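Remarks on the structure that follows.
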Amino acid sequence: MYQILLIDKAKGYTSHDVVNDLRRHLKLRRIGHTGTLDPFATGLMVMLIDKATKLSKYFVEHDKTYDAEITLGIETDSLDITGKVTSRKSVEGINAFNVSKVLKSFIGKQKQMPPMYSAIKKDGKKLVDLARKNKEIPDIEPRDIEIYSCSEPSNFRIEEGLVKFSISMEVSKGTYIRAFARDVGIALGSVGCLSELRRTKVGTFSISDAVCLECLHTLDYKFMNPIDHMNLDKLVIDDEFAKLVENGRFLPNELFKTKSDTILYNQLQIPIAIYTYDEEKNVMRMSVMLN
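Right, here's the structure in full:
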């Protein structure tokens, strides 16, 4: 069964909570997702059901869109509002105009230092696990990210000496909005953290098609076909080559339009496999069997 289910995660749930709830409801063990959401965040999680977990690598690279609220004047150890306050700094002189100017300066490709409270692994250990145990955090390198767009700040206000505003932004895989909030605060001569976060898009998947976990009990949900959302080359092959595919055999490069991952269909237009280029052997080989 190759299926995807879009979940609108509520605040307070961990990504693992979502997986466990789906396992219990669907009575399946093989359930994964294409990217975590912090417990305080809400929004879209793309859940891979059963055999669709084998397709994870084709979805984790997707761009994402978020609605966020940034708070300036405080910084926390987790870089979000749930963490312990580690720094306070004046927000005097910060207004909507200079916030807008700074936000625009972040659009484009750049290096970003991830938060220490993150799922990034160093020497096989997650940074977040080390941070929670107050253990020394190993040095990590900044990551290549890209911010494609960032809206003008809205709902700009000052509350109890802190500046708050909302934005929408589209970003590449690996971008931490918590780290973005930190960096915006620094660029404005202050400090900052993330106070609200909602994921609204992952690749072609939209929050408008997602359901809450409570909907599982009313059966008010529908599965999606992951093949329909994979931006890969497609190739229909004849029965002779289909037989080779069934046996996991290599296929000649000449059969393919490009040396990139390709979904193969039989003569009945049924997807049967995904093939990828093997540079060492200079052939196209099996990546995922789909039937």
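Residue 290 is where the sequence shown ends in numbering that gives the first Met the number 0, and the numbering goes up by one at each step. Yeah, the Cβ is synthetic: ideal placement off N, Cα and C, and Gly gets one too. As the structure is a prediction and not an experimental result, all values here were calculated from the model.
Inclusion of G184 and E74 in the CB contact set at 8 Å is warranted, their separation being smaller than that value.
Annotated as distal: H32 and K172, with beta-carbon spacing of 8 Å or more. Under the three-state reduction of DSSP output, G31 falls in the strand class. By the Cβ criterion, the segment 162-171 is in contact with the segment 143-153, since at least three pairs of Cβ atoms, one from each stretch, lie closer than 8 Å. Burial is judged here by how many other beta carbons sit within 10 angstroms of a residue's own beta carbon; S286 has at least 16 and is buried.
Nearest neighbour of Q266 by Cα position, chosen from K256, F240, F58, turns out to be F240. Remark: C-beta atoms of A95 and L196 do not approach each other more closely than 8 Å. Here I106 carries a coil assignment [DSSP, helix/strand/coil]. When rounded, the separation of the alpha-carbon atoms in K100 and K50 is 46 Å. Secondary structure of C214 (DSSP, three-state): helix. The closest CA to that of V282, considering only A272, S259, M288, is found on S259. Cβ-Cβ distances below 8 Å link S153 to F164, S165, I166 in the same chain, with the five nearest sequence neighbours on each side left out; the list follows chain order. Of the candidates I139, I271, F204, L187, L187 places its Cα closest to the Cα of S89.
Under a 10 Å Cβ-count criterion, Q268 is classified as exposed, with fewer than 16 other Cβ atoms of the shown protein chains found around its own Cβ.
Here C149 is actually not in contact with L193; their C-beta atoms are around 14 Å apart, not less than 8 Å.
Per DSSP, the continuous alpha helix (DSSP H) segment holding N19 begins and ends at 14-25. Rounded to whole angstroms, the gap between the alpha carbons of V84 and Y274 is 50 Å. Between the alpha carbons of L43 and D7 lies a gap of roughly 5 Å. For the set G34, Q2, E68, S14, the Cα lying nearest the Cα of K200 is the one of G34.
Counting only the Cα atoms, R181 lies some 6 Å from V190.
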